[in-house]
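Quick mapping for you: the protein sequence lines, in order, are chains A and B.
For the first sequence, this note's numbering gives the first residue as 1, with consecutive numbering after it.
For the second sequence, this note's numbering gives the first residue as 1001, with consecutive numbering after it.
For glycine and all other residues, C-beta sits at the position ideal for the given N, C-alpha and C.
Keep in mind it's a predicted model, so treat the numbers as computed, not measured.
Below: one structure, written as structure tokens.
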Amino acid sequence: MAIIICICLLDVMLTYFIKFLHVFIALGLLGLTVVCFALAGPHNLNKILRINKILLILTPFALITGTLLVYPKQYTFHTPWIMAAYGLLGVFCSAIILALFLQEKIAKRWVWKIIYFLLLGILTMIVHDAVTKTSFL
Amino acid sequence: MLYFTFKILHILTATLLLTSVGVGCYQWYLSKNKYLLQIQTWTRIIPLALFQLLSGFTMISLKQYSLSEIWIEASLISFLIAIGSWFSFLYFIRAQTFFLIVCGSAVLSMIFFMASMVH
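Listed below in structure tokens is the structure:
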């Protein structure tokens, strides 16, 4: 009986910890995208390339922690806002990979400002869906 | 609807606040110029932190949570520790690294309690 209670408590604590990690990584993704938006331009190329690589590393962790939270929070993978979140995160990840390849080819500052603004918009939509539990799309 | 709007704004301003703190600390680490960090604190970090408090209390009143709930008390205590240790880091010359670590730990625990809403 005591072992079952301990297992249940561990399960609850693990869910809280995974949710904390998920929120922390999400804040990190948003924050780093804001920094890229602020720095966008040919003069800060090296810094932006480094930040884009960090974004690319953080995105799968956001995906994994989000996936691990689906069942403990009593949702399914067919929930509309969860499906939208996966799609939007896929678009975000693809855009970051594209940005890594095109960084040196596009020199115009305003183009990169628009791209990072759109990426911020994508992340804001994911946050909106997660908060309201409904899909923006 | 109003609650969700405030919650989204709360998350977005938290991002801006943490980004300002992170960028400020990075610039301080490179240049060891505290004056810039002090200006950033009064122009960006404090206004954003005040907005965080206001939006947080607005959401608490909209949802009619009790202020005695564990996660709210723990978040407020962590917030006060974070603010206190940040000012200590800025204005005291000794033990800067210690105050920065305390500030970081307080922020992490605040995020933990608010994300989990532990009862």
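For B/Glu-1069, the three-state secondary structure derived from DSSP is coil. Nearest neighbour of B/Phe-1087 by Cα position, chosen from B/Ser-1116, B/Thr-1041, B/Trp-1028, B/Val-1023, turns out to be B/Thr-1041. Taking the Cα positions, A/Leu-100 is about 39 angstroms away from B/Met-1059. The straight-line gap separating the alpha-carbon atoms of A/Gly-28 and B/Thr-1015 is approximately 8 angstroms. Selection A/Pro-42, A/Gly-87, A/Ser-94, A/Val-23 evaluated against A/Leu-56 yields A/Ser-94 as nearest (Cα-Cα). Less than 9 angstroms separates the beta-carbon of A/Tyr-116 from that of A/Thr-33. Between A/Ala-130 and A/Pro-42, the C-beta spacing is not below 9 angstroms.
Residue environment analysis places A/Val-35 among the buried positions, since at least 16 neighbouring C-beta atoms fall within 10 angstroms of its C-beta.
Contact residues of the region 25-39 of chain A toward chain B are Leu-27, Leu-30, Gly-31, Val-34, Val-35 (C-beta to C-beta distance below 7 angstroms). The C-alpha of A/Ala-84 lies about 8 angstroms from the C-alpha of A/Ile-126. Residues of the same chain with a CB within less than 8 angstroms of the CB of B/Thr-1013, apart from the 5 flanking positions on each side, are Leu-1048, Phe-1051, Gln-1052, Ser-1055 in chain order. The three-state secondary structure of B/Tyr-1026, taken from DSSP, is helix.
Distance check between A/Leu-88 and each of A/Lys-53, A/His-128, A/Tyr-71, A/Ile-51 places A/His-128 closest, using alpha-carbon atoms only. Considering only beta carbons, no part of the region 1070-1086 of chain B lies closer than 8 angstroms to chain A. Proximity of chain B to A/His-128 at the Cβ level (cut-off 9 angstroms) is accounted for by Phe-1004, Ile-1008, in chain order.
When only Cα atoms are considered, B/Ser-1075 and B/Phe-1057 end up about 12 angstroms apart.
Within chain A, Leu-27, Gly-31 have C-beta atoms less than 8 angstroms from the C-beta of B/Leu-1018, given in sequence order. With respect to A/Gln-103, A/Leu-49 sits close: the two C-beta atoms are nearer than 9 angstroms.
With a threshold of 9 angstroms between beta carbons, A/Lys-73 makes no contact with chain B. Counting every other CB atom within 10 Å of its CB across the protein chains shown gives B/Phe-1092 a total below 16, marking it as exposed.
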